[in-house]
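In our numbering, each residue carries its 1-based index in the sequence shown increased by 19. Notes to accompany the following structure.
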Amino acid sequence: MVAAPMVVVRRRMVSRYGYTVVRIHVGTNLKDVYDIHEELLCANSSYFRKQLQGNRQAVEEICYICSDEMTPGQASFGFCRSCGGNYHRHCLKKYDKRDPLDETFSCFQCGALWRASEDSKHDGIQHLQCPKFGKEAFQFYFEWLYESKISIGLSDDEQEVCGTEEEQSLGNLYHQLIKAHTLAMTIDDNKFGAAILLSIVQAAEEYKIYPGIFNITKTYKRTEKGSKLRNVLVDFYVGAKNSAEWLDIDGYPMDFLRDLAQATLKARGINMNEIRENLNDIYGSALAKEELGA
Numbered sequence: 020m021v022a023a024p025m026v027v028v029r030r031r032m033v034s035r036y037g038y039t040v041v042r043i044h045v046g047t048n049l050k051d052v053y054d055i056h057e058e059l060l061c062a063n064s065s066y067f068r069k070q071l072q073g074n075r076q077a078v079e080e081i082c083y084i085c086s087d088e089m090t091p092g093q094a095s096f097g098f099c100r101s102c103g104g105n106y107h108r109h110c111l112k113k114y115d116k117r118d119p120l121d122e123t124f125s126c127f128q129c130g131a132l133w134r135a136s137e138d139s140k141h142d143g144i145q146h147l148q149c150p151k152f153g154k155e156a157f158q159f160y161f162e163w164l165y166e167s168k169i170s171i172g173l174s175d176d177e178q179e180v181c182g183t184e185e186e187q188s189l190g191n192l193y194h195q196l197i198k199a200h201t202l203a204m205t206i207d208d209n210k211f212g213a214a215i216l217l218s219i220v221q222a223a224e225e226y227k228i229y230p231g232i233f234n235i236t237k238t239y240k241r242t243e244k245g246s247k248l249r250n251v252l253v254d255f256y257v258g259a260k261n262s263a264e265w266l267d268i269d270g271y272p273m274d275f276l277r278d279l280a281q282a283t284l285k286a287r288g289i290n291m292n293e294i295r296e297n298l299n300d301i302y303g304s305a306l307a308k309e310e311l312g313a
């Protein structure tokens, strides 16, 4: 069995993720479920922070129980869902003097009543429905959150085929990675987005096949001008040995062709004055000035 190549981007893993778990239901039928620690889910995604911790104060502030600074990654934190104040969980345990039979507990800062489960080791499970998130894309994210890697390998059978079938298999992989990048932009997790781009580049290097017209079209429909994903796809074709082949295929997005032309000119070091001189030789100075705004 050939080990699947993967991109592994090292990042500092927090020693603890807290006790609260979010059960995320993805897909149009919401049948695909992922259980993820809330702290890990919200660490780099402003989308999930807004959905789950909208009023939470910055973790870099002080613990409102002991007044010491809170350093991410060095302790387990909790926060009041009423006022947003943060606290060390060990501080809460130290100062919790309530009656064991009492099912409520007041926030040290705002006085809001909590249920017993909110400060226990079993905070329970929150549910979040995300019908617009696809299973395949979210699987990449789940793997990235807990393992800091993105697997991009083709199966043994897919690697044994050649030509059109191999291109189709790799095209499907690119399609899933592009959807994962769309997910990264939606949830505003730039680290995950960068890891996906690295995965696409590694797949292209590994299999010597670039994303084709289908995936380029999908990318340009889902992204805006200046997108990093667009730039990666354009860079694949600039200076490639078979870069002229796309000229023989109809249907490429005009924005892609424009980006490719501009990138090719830049790579060749041709400036507008040189282009104008060439046009002067062929069409005359009048046309060159009109076309190039001289």
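Note that the Cβ used here is the ideal one computed from N, Cα and C, for glycine as well. Owing to the predicted nature of the structure, the values given are computational and were not obtained by experimental measurement.
{"query": "What do you reckon, are the CB atoms on V45 and C149 nearer than 8 Å?", "result": "yes"}
{"query": "Excluding the 5 residues flanking E177 on each side, which residues of the same chain have their C-beta closer than 6 Å to its C-beta?", "result": "With a pLDDT of only 42 at E177, under 50, the local geometry of the prediction cannot be trusted, and the value read off the model is given with reservation. Here the set comprises S188."}
{"query": "For I81, which residues in the same chain have their Cβ closer than 6 Å to its Cβ, ignoring the five residues on either side in sequence?", "result": "E88"}
{"query": "How close, in whole Å, do the beta carbons of D274 and Y239 come, if the pair is a contact with beta carbons under 8 Å?", "result": "5 Å"}
{"query": "Starting from N63 and walking both ways along the alpha helix (DSSP H), at which residues does that stretch end?", "result": "Per DSSP, N63 belongs to no alpha helix (DSSP H) and is neither H nor E."}
{"query": "Between the C-alpha atoms of K198 and K50, what's the straight-line distance to the nearest angstrom?", "result": "19 Å"}
{"query": "Within 10 angstroms of the Cβ of C110, are there 16 or more other Cβ atoms? Answer buried if so, exposed if not.", "result": "buried"}
{"query": "Keeping to the same chain, check which residues put their C-beta closer than 8 Å to that of P230; ignore five residues upstream and five downstream.", "result": "G190, Y193, I197, I219, A223, T238, L252, F255"}
{"query": "I need the straight-line Cα distance from L71 to G212, nearest angstrom please.", "result": "21 Å"}
{"query": "Going by DSSP, which residues form a beta bridge with Q145?", "result": "V41"}
{"query": "Assuming A131 contacts C99 under a Cβ cut-off of 8 Å, what Cβ separation, rounded to an integer in Å, is found between them?", "result": "6 Å"}
{"query": "Under a three-way DSSP split, which group does Y271 fall into?", "result": "coil"}
{"query": "Going straight from the alpha carbon of R277 to that of V257, what length do you get?", "result": "12 Å"}
{"query": "Could you check what DSSP says for D207 in three-state terms: helix, strand or coil?", "result": "coil"}
{"query": "Looking only at its own chain, which residues have a Cβ that is under 7 Å from the Cβ of E206, when we skip the five neighbours before and after it?", "result": "Per the sequence shown, the amino acid found at residue 206 is Ile instead of Glu. The residues are S64, Y66, F67."}
{"query": "Can you tell which of R108, P272, L217, R287 has the C-alpha that lies nearest to the C-alpha of L248?", "result": "L217"}
{"query": "Out of curiosity, what's the CA-to-CA distance linking K210 and Y83?", "result": "30 Å"}
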